[in-house]
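As they're listed, the protein sequences go chains A and B. Under this note's numbering, read the first sequence as residues 3 to 289, first letter to last. Under this note's numbering, read the second sequence as residues 33 to 304, first letter to last. Note that beta-carbon positions come from the ideal geometry of N, C-alpha and C, so glycine has one too. Only a predicted model underlies this, so the values are computations on that prediction, with no experimental measurement involved.
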Amino acid sequence: MTRMTRFRWGMLAPVLAITGVAVGFPLGYAFYLSLTDYRLTSRGAPDVVGLENYFFVLTDPRMWNAFSNTATYVIIAVALQTLLGLAIALALQKQQWARDLTRAMLLAPMFITPIAVGLTFRFLLNDQLGALPAMLRSLGIDYDFFGPGNALFTLALMDVWQWTPFMVLLLLAGLESVPRQPLEAAKVDGASAWYAFRRVVLPLLTPVLTVAVLLRSLDALKVFEYVYATTRGGPGTETETIQYFTYQTGIQFFRLGEASAVAFVLLAIVLTLIVLLFRRLQRSAAR
Amino acid sequence: MTRRVSPWGIARTLLLWAAAVTVAFPIIWVALASFKSPAQLNDPGLFLFSPNLDNWARVFEAGILDAAGRSAFVAAVTVSISVVAGSMGAYAISAYKAGGSATRFGILAAQVLPPAVLVFPFLTMAYALRIDNTYVPIIFAHLSFVLPVITWFLIGFFDAVPRSLEEQARVDGFSRFAAFRLVVIPQVLPGIGAAAIFGFTLSWNDMFYGLILAPTRETILPVAIAAFNTFRGVELGAMSAAIIIAVVPVVIASFFIQRRLVQGISGGAVKF
């Protein structure tokens, strides 16, 4: 038994060691930074200032603006992705003709570097040079994709373009592991396709759907490249997301202490939401 | 074979065609733009024109292939470490329930960490250890998100391997580790390949860490592409060519791994 325990931990050791160096240590150090007045420009040891950074960022309207922008972005993007992803996954599951080619093509965007996606859409949607505004103009529609009131929505649509494939991938995998029997039983009983989907497939798909929405939301929270490539936070601060705000505070204004504090406020909020979500899931699973 | 065409079938086909056009159009349009002259770039509706290779020449002169090479190097090192450590760890978690269900949740929870939390410690540590002009910080930064994802996928693949296989090997006199390396690993090799390619694209695609941690004079590919956006205004033609260089390899890779990824995920990677 001890040899098995030793083997088990031996096998786990490399992952634990690397995670310790690459995640655990930076996380602890970032927390320390958030308690200091560390600036990239100043020499000498930073002073510990306690929770001062936290008080500062928590009362900073720009941070709350960045939080609400990010929340809006995540909700729009993930909601659209889930609906589209589910529809496309259902369609792809039945698709027989050129199966691998269709799947590979529809999954392709998620493999493209986000900065390339950002720059592509910046160009494609540009008021003067872009193909899409030109097409819309020929239809008599004048729409400024990066104008006030529209820019955040445009960024969310870019997220939809790139990451709906991720939803499709997970849901397709989920659909493929849905057992055939209950579905056939429903058909024998004369259930309509819609009824069978809603009452048989969807409940079986819920675990995958939950994980997919969770993973996508966590990833969408980190949106940086699209903002960096297109709006740089503008017009005004309409598209300033958390990740971009942190980058600006830390790297452009050299205020690492404050930037780390923002990051930990974000972490606290996200972890709280996740714990609440899991509580609810466990409760509904127990029912 | 004649089949009655149902309205659902038509809707399905239409949806897939619409999705395909939506995916392909931006990429094709940028590919076309990479062959346009500056004057032609001002005409967004131009689809037929005599192509020229000036943009491509500019991009190659700017050393985009070197940047791609550096990105590939960083990704290859990150993935090699992740696959070795990840497959061992994933097997311990799958077959020996190491760490219990907390481990699976912990791996998922690692996705919560915003890169903005981790990047500053990497930066200050890199300065302190005087390795700020090397690839070491960026490789560690990439390990922080590639290793958990690869491990997570591999747990799903190992779950699908019957336990009797290892037990048989143990009866035949293999040590536990030899059974793992010589009997179990070959069973999941296709899955490891898919996870490795997926991890490679994750590292290849990251810009945030690259922007802050990579050596300034020797940037990685995403940062090099972004540079066409800021340096002396926007060089649209050259930028388009650079985008296509970043897109083509991963789209080809995605063709080969998509089926394995679907299998791996449905094999259990989405369970807790």
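Taken in chain order, the unbroken stretches of alpha helix (DSSP H) that lie wholly in the stretch 9-41 of chain A and span 4 residues or more are 27-36. Distance from the CA atom of R201 (chain A) to the CA atom of I276 (chain A), rounded to whole angstroms, is 27 Å. Here V193 (chain B) carries a coil assignment [DSSP, helix/strand/coil]. With respect to the C-alpha of F189 (chain B), the residue from B:A127, B:D98, B:G138, B:V203 having the closest C-alpha is B:A127. DSSP links V50 (chain A) through a beta bridge to A:T38. Residue range 153-178 is occupied by the alpha helix (DSSP H) that includes E178 (chain A). Within the stretch 168-192 of chain B, the residues whose Cβ lies closer than 8 Å to some Cβ of chain A are F172, A173, L175, S176, L179, P180, T183, listed in chain order. Pairing A43 (chain B) with W236 (chain B) gives a Cβ-Cβ distance that is not under 8 Å.
Each residue's CA atom was taken as its position, placing R195 (chain B) and A261 (chain A) some 48 Å apart.
Contacts with chain B (Cβ-Cβ distance below 9 Å) from the stretch 85-99 of chain A involve L86, A89, I90, L92, A93, L94, K96, Q97, listed in chain order. Shortest Cα-Cα distance from Q95 (chain A) to any of A:A198, A:R234, A:L173 involves A:L173.
An exposed status is given to Y197 (chain A), since fewer than 16 other beta-carbon atoms sit within 10 Å of its beta-carbon. By the CB criterion at 8 Å, F266 (chain A) and F27 (chain A) fall outside the cutoff. I277 (chain B) is a Cβ neighbour of A100 (chain B), given a cutoff of 8 Å. Interface criterion met: the Cβ of F113 (chain A) is under 8 Å from a Cβ in chain B. Considered as a whole, the stretch 87-162 of chain A harbours 101-109, 116-126, 133-140 as its complete alpha helix (DSSP H) runs of no fewer than 4 residues, in chain order. The C-alpha of Y75 (chain A) is placed about 15 Å away from the C-alpha of P150 (chain A). CA-to-CA, the gap between F168 (chain A) and S114 (chain B) works out to about 22 Å.
Every alpha helix (DSSP H) stretch that sits fully inside the stretch 176-230 of chain A and reaches 4 residues is listed by chain position as 182-190, 195-198, 204-222. Close CB contacts of G120 (chain A) within its chain, under the 6 Å cut and outside five residues either way in sequence, are with E227, Y228, A231, T232 (chain order). Between G121 (chain B) and V23 (chain A), the C-beta gap is not smaller than 8 Å, which leaves the two residues out of contact. If you draw a 10 Å sphere on the C-beta of A228 (chain B), you find 16 or more other C-beta atoms in it, and that means buried. The beta-carbon of R105 (chain A) is placed less than 8 Å from the nearest beta-carbon of chain B. Only residues of its own chain outside the window of five on either side were considered, and among them S66, G269, A270, A273 have a CB closer than 6 Å to the CB of N87 (chain B), listed in chain order. Distance check between M107 (chain A) and each of B:G118, B:R291, B:F287, B:T45 places B:F287 closest, using alpha-carbon atoms only.
The Cβ-Cβ distance between A117 (chain B) and I20 (chain A) falls below 8 Å.
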